[in-house]
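Using the numbering used here, the first residue of the sequence shown is number 3, and each one after it goes up by one.
Beta carbons: idealized from backbone N, C-alpha and C, even for Gly.
Computed from a predicted structure; not experimentally measured.
Here's the structure, in structure tokens; my notes come after.
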Amino acid sequence: MAKRYIQVGTGGFGRYWCKGIYPKIADIAEPVAAVDINPDVHQNAVEYLKLSPEACYTDVNEAMDRHPADFAVVVVPPQFHEEIIDAAIAHGLDIVCEKPLADTMEGCVRIYHKVKVAGRKLAVTMSHRFEVEKQTVEQMVQSGNYGKLNYLISRLTMKRSDVPDRIMQQPASLLIHGLVHNLDTARGICSCNAKTVFADCWNFTADDGSSGGAGMVQAIMENGVRVQFEESFGNATTLNKWSDEYLRAECADGTIVADNRRVTLQNHRGYPFPTAADIPLCSSPYWDHALIVRQFMEWLDGGKAPVTQLEDNMQCCAFLFAAVESVNTGKAVDVQAFLKRYM
Numbered sequence: 003m004a005k006r007y008i009q010v011g012t013g014g015f016g017r018y019w020c021k022g023i024y025p026k027i028a029d030i031a032e033p034v035a036a037v038d039i040n041p042d043v044h045q046n047a048v049e050y051l052k053l054s055p056e057a058c059y060t061d062v063n064e065a066m067d068r069h070p071a072d073f074a075v076v077v078v079p080p081q082f083h084e085e086i087i088d089a090a091i092a093h094g095l096d097i098v099c100e101k102p103l104a105d106t107m108e109g110c111v112r113i114y115h116k117v118k119v120a121g122r123k124l125a126v127t128m129s130h131r132f133e134v135e136k137q138t139v140e141q142m143v144q145s146g147n148y149g150k151l152n153y154l155i156s157r158l159t160m161k162r163s164d165v166p167d168r169i170m171q172q173p174a175s176l177l178i179h180g181l182v183h184n185l186d187t188a189r190g191i192c193s194c195n196a197k198t199v200f201a202d203c204w205n206f207t208a209d210d211g212s213s214g215g216a217g218m219v220q221a222i223m224e225n226g227v228r229v230q231f232e233e234s235f236g237n238a239t240t241l242n243k244w245s246d247e248y249l250r251a252e253c254a255d256g257t258i259v260a261d262n263r264r265v266t267l268q269n270h271r272g273y274p275f276p277t278a279a280d281i282p283l284c285s286s287p288y289w290d291h292a293l294i295v296r297q298f299m300e301w302l303d304g305g306k307a308p309v310t311q312l313e314d315n316m317q318c319c320a321f322l323f324a325a326v327e328s329v330n331t332g333k334a335v336d337v338q339a340f341l342k343r344y345m
């Protein structure tokens, strides 16, 4: 039997949820209402979710009062997540929430405690980590077939004209809205949490007045693996855009590279190892958001908790906001001490 859900946010990325994600979960999830404070974008729910205009609301509590559901999908800007999650908890709903969990560490911790006290289930859509080439790299590293992981390089770099909005030109926003996916991808590949992080972010303005944020972030993971992140929305050209990020995992017996969704392996050990090879991508009928939602719904039915569940995601939140603190202080931050300070 399909689970019933309320879509909160139908404009911006909410439109993508309605148009692009719903068809991949339509066999197991049924939208019963939609909410957006802008009634003009209710049309996305009408067109793609096949809801009637009467099932579209500007007030989240009214929608939840009138339409019994199993869970809510939260696709509004991060600073409004807590308000929507409060409403979901009050109505006994479980929650799928877009990343990041909140726009501050304080907000993340408040949400965490509210959800735990209420006994609800919440998963965060760390979708890039669950794209096919990232999962291919993660599985290759974790297999142990290529020796111990030494360090990891991550890159997301885009030209200034592709900057989504001016918020990406501010250092903290660059991390909160951009780097968060890459941080969690690194956690998956390294199979552990972050120990320390140092972040240097700045705004770059070209001679023509165009500008965009850029940043370099270094982390040491709890298992000693080093990670270097390059993040920029201020470049002259795009090398690796959203969902086409570059990853290089330097293992003892091989260099594993993902670049624009192609995965390759290189090494110089000789036979039977190829000097260079294209690696077939992992096979699955679902990736990214669709995979996360499906795992979440299995959890609701008594299955195991997904990797993106709230408890684990607090480590991603701490990694992210410790990096923001590093930008603000100019110092490296102990991520686990940072998390304990807020929890």
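Proximity to Pro-70 across Asp-61, Leu-95, Pro-55 peaks at Leu-95, based on C-alpha coordinates. Between the stretch 326-343 and the stretch 208-216 there are fewer than three C-beta pairs closer than 8 Å, too few to call the two in contact. Counting every other CB atom within 10 Å of its CB across the protein chains shown gives Pro-25 a total below 16, marking it as exposed. Annotation for Ala-251: Val-139, Val-143, Leu-151, Leu-154, Ile-191, Ile-258 place their beta carbon closer than 7 Å to its own, counting only its chain and skipping 5 residues before and after. DSSP links Val-219 through a beta bridge to Ala-201, Phe-231. DSSP, read as helix, strand or coil, puts Tyr-114 in helix. For Asp-96, the uninterrupted beta strand (DSSP E) segment begins and ends at 96-100. Runs of the alpha helix (DSSP H) lying entirely within the stretch 20-103 and spanning at least 4 residues, in chain order: 24-27, 44-50, 62-68, 83-92.
Taking C-beta separations shorter than 7 Å and ignoring five residues to either side along the sequence, the partners of His-93 in its chain run Met-66, following chain order.
When the beta-carbon positions are compared, Glu-135 and Leu-283 come within less than 8 Å of each other. A residue is called buried once 16 or more other Cβ atoms fall within 10 Å of its Cβ, and Leu-103 is buried on that count.
In the structure shown, the three-state DSSP call for Asn-242 is strand. When the beta-carbon positions are compared, Val-117 and Val-10 stay at least 8 Å from each other. The three-state secondary structure of Ile-281, taken from DSSP, is coil. Taking a C-beta distance under 8 Å as the contact criterion, Gly-256 and Gly-149 qualify as a contact pair.
By alpha-carbon distance to Ser-328, the top candidate from Gln-220, Thr-239, Ala-292 is Gln-220. The alpha-carbon separation between Arg-264 and Ser-285 amounts to approximately 14 Å.
Contact annotation: the stretch 30-40 touches the stretch 292-300, with at least three C-beta pairs closer than 8 Å.
One thing to note: Leu-176 has its Cβ no nearer than 8 Å to the Cβ of Phe-321. The beta carbons of Ile-86 and Val-62 sit about 6 Å from each other, so the pair counts as a contact at 8 Å. Burial is judged here by how many other beta carbons sit within 10 angstroms of a residue's own beta carbon; Glu-233 has at least 16 and is buried.
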